[in-house]
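Using our numbering, you'd call the opening residue of the sequence shown number 435 and step up by one each time.
Backbone N, C-alpha and C define an ideal beta-carbon position, used for all residues, glycine too.
From a predicted model like this one, the values you see are computed outputs, not experimental measurements.
As structure tokens, the structure follows; a few thoughts come after it.
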Amino acid sequence: MKELSFALIDCNSFYCSCERIFRPELEGRPVIVLSNNDGCAIARTPEAKALGIKMGDPFFKIKKFCEENEVSVFSSNFALYTNISSRVMNTIIKECAKVQVYSVDEAFADFSGIENKREFGLHLKTIIKENIGIPVGVGIGPTKVLAKLANHIAKKSTKAGGVVDLSEQKWQDVALKMTPIEDVWGIGRASASKLSSLGIRSAYDFKVFKDEKLIKRVFTKVGLQIKHELMGIPCFDFEMDIAAKKEIMCSRTFGNNLQTLKDLKESMANYISSAAQKMRGQNSMCTELSIFARTNPHTNAPQFYLYQRAKLVNPTSDTRKLIAEAFELLERSFKEGYQYRKAGVKLSNFHSSDELQIDLFSPADSLLDIKLMNTIDHINSLEGDGAIKLGACGISDRAWRMNREYKSPRYTTSWDELPKFM
């Protein structure tokens with residue numbers, strides 16, 4: 435039986451790297467990407483980190499600093515990031531036997547049976563950079579936790595060339611001794627503090643700690659599994675099928691305060707469209723819908739919080755039905771005279787689309803309805819979100835849309851936003 439080998443492929447400063455693909459002159463220069471409504475820094479290149487810009491720094495506080503230090507600033511462009519992510523993941527899937535997409539910028543791959551693991555890691559790193567333009571780090575180990583640790587070193591070390599292989603125990607121990615316990619994957623601050631009180635300050639200390647019953651009692655089964663993974667004993671296998679979410683929520687802070695029912699309806703329709711598309715993507719239907727809207731609690735203006743929930747007779751994934759239900763809830767609870775700052779929707783109580791029990795006396799989604807929704811999703815996946823949308827979603831540039839003053843074009847999903855050469 436061949437020994438298991440895991441590789442973690444992790445994109446470097448992913449959002450910033452996506453922006454650099456189409457702006458090569460930014461290579462080697464500080465770049466940051468901002469959160470929704472240009473609120474705070476959520477991605478930074480090493481050059482931006484070296485200037486002292488921290489994750490979560492409010493943009494209004496660092497705006498002048500960025501201007502003085504020629505930091506390139508971008509609003510979040512999730513249509514671009516999602517598309518580039520799919521290209522990276524598809525490249526990994528083509529090259530590896532087993533792949534678990536872990537997040538938008540990370541994937542575990544099965545390196546079991548590969549003779550020269552470091553060489554294959556360098557191959558992956560090279561083709562992803564050459565074909566897509568995204569730099570990645572590759573960490574290899576006999577367990578997921580050790581692969582994660584190897585990746586951390588690969589991205590930090592200037593000598594590693596972006597690939598670190600911890601398949602051999604002697605190199606594992608070297609890495610574990612230099613890794614603070616709080617940097618181990620799955621160990622939070624609270625757990626790190628408890629481990630420190632037991633004299634466990636490094637990953638190596640945790641590995642060799644002998645009282646496993648104490649570890650299991652204080653840190654539960656998962657804590658003990660992390661310890662075993664550091665010892666080279668696999669506890670976390672590949673998860674080829676990501677578990678379906680039990681609820682999907684979509685909420686936004688508005689670019690400007692809203693006062694009218696019409697504007698609030700338009701925002702809700704857009705949020706439901708986004709949430710319903712994600713729900714259909716995991717082959718689910720919902721029987722519960724919640725909506726909320728609130729004023730800004732950080733001002734002295736009159737405050738109001740609106741919340742309504744509806745239970746549906748039959749499961750549905752039809753955006754039109756969900757919007758109609760949300761509008762009924764909103765009309766019952768909306769109050770004039772308030773400055774609404776944020777709103778959102780939540781779809782929950784999911785059922786698989788393949789296993790439905792239908793009430794014969796209530797209208798369920800027909801095959802035509804399902805085919806229509808899937809067709810819209812397919813077109814939007816090719817042409818970019820919003821290429822086809824319902825009339826209830828309104829037109830572009832409405833007051834409720836997010837402020838994205840520094841947004842780059844959707845280079846890969848919108849023909850209208852491609853660079854033009856005359």
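Going by other Cβ atoms of all chains shown within 10 Å of its Cβ, with 16 needed for buried, is alanine 531 buried or exposed? exposed
Quick check: phenylalanine 440 and alanine 581, are their CB atoms within less than 8 Å of each other? yes
Grouping DSSP H, G and I as helix and E and B as strand, with all else coil, what is glycine 571? strand
Could you give the distance in angstroms between the alpha-carbon of leucine 816 and the alpha-carbon of glycine 573? 32 Å
Mapping DSSP to helix, strand and coil, what is arginine 838? coil
Do the region 523-543 and the region 498-505 make contact, defined as three or more Cβ pairs closer than 8 Å? no
Candidates Asp491, Cys450, Lys696, Thr687: closest to serine 519 by CA position: Cys450
Rounded C-beta distance between serine 601 and proline 576? I'm assuming under 8 Å. 6 Å
Within the region 456-541, note down every full alpha helix (DSSP H) run reaching 4 residues or more, in order along the chain. 480-484, 493-502, 512-529
Can you tell which of Asn717, Val656, Leu648, Asp544 has its C-alpha closest to the C-alpha of glycine 622? Val656
Identify whether threonine 753 lies in helix, strand or coil by the three-state DSSP scheme. helix
Three or more beta-carbon pairs under 8 Å between the region 459-468 and the region 604-619, yes or no? no
Collapsed DSSP secondary structure at arginine 454 in the structure displayed: helix
Below 8 Å between beta carbons: does that hold for asparagine 730 and serine 786? no
Please go through the same chain and pick out, in chain order, the residues whose beta-carbon is closer than 7 Å to the beta-carbon of aspartate 675, but skip the five residues on each side of it. Here the model assigns aspartate 675 a pLDDT of 48, short of 50, so the residue's position is not dependable and the matter cannot be decided.
Might you give, ordered along the chain, the residues of its own chain that have their beta carbon closer than 7 Å to the beta carbon of asparagine 446, omitting 5 neighbours on each side? Pro569, Val570, Gly571, Lys589
Counterpart residues of lysine 769 in DSSP-defined beta bridges: According to DSSP, lysine 769 bridges with nothing at all.
Going straight from the alpha carbon of phenylalanine 761 to that of asparagine 471, what length do you get? 25 Å
Can the beta-carbon of glutamate 759 be found less than 8 Å from the beta-carbon of arginine 743? no
Nearest-angstrom beta carbon gap, leucine 698 and phenylalanine 768 [assumed within contact, 8 Å]: 7 Å
Give every residue of the same chain whose Cβ lies closer than 8 Å to the Cβ of glutamate 646, excluding the five residues on either side of it in the sequence, and list them in chain order. Leu658, Lys661
Compare the C-alpha of tyrosine 739 against each of Gly715, Ser708, Asn550, Gly771 and name the closest. Gly771
Distance cut-off 7 Å: glutamate 529 Cβ against heavy atoms of the ligand FAD: Ligands displayed in this structure: none; no statement on the ligand FAD is therefore possible.
Sort Leu764, Glu553, Lys650, Tyr774 by Cα distance to histidine 732 and report the nearest one. Tyr774
Between the alpha carbons of phenylalanine 448 and valine 747, how many angstroms are there, rounded? 42 Å
Where asparagine 511 falls, given that 16 or more other Cβ within 10 Å makes a residue buried: buried
Glutamate 553 vs leucine 442 beta-carbon contact at 8 Å: no
In its own chain, which residues sit with a C-beta less than 7 Å from the C-beta of glycine 567, not counting the 5 before and 5 after it? Ile455
In this structure, how does DSSP classify isoleucine 566 when only helix, strand and coil are distinguished? coil
Where does the unbroken beta strand (DSSP E) through valine 598 begin, and where does it stop? 597-599
Rank Ala826, Ile682, Asn734 by C-alpha distance to the C-alpha of serine 751 and give the top, closest one. Ile682
Coil, strand or helix - glycine 547 by DSSP: coil
Which residues bound the beta strand (DSSP E) around alanine 777? 774-786
May I have a chain-ordered list of the alpha helix (DSSP H) segments no shorter than 4 residues that lie completely inside the region 709-735? none
Using C-beta distances below 7 Å, list every residue in its chain close to isoleucine 725, excluding the 5 sequence neighbours before and after it, in chain order. Met702, Gln742, Ala760, Leu763, Leu764, Val779
How far does the beta strand (DSSP E) with phenylalanine 440 in it extend, from its first residue to its last? 440-445
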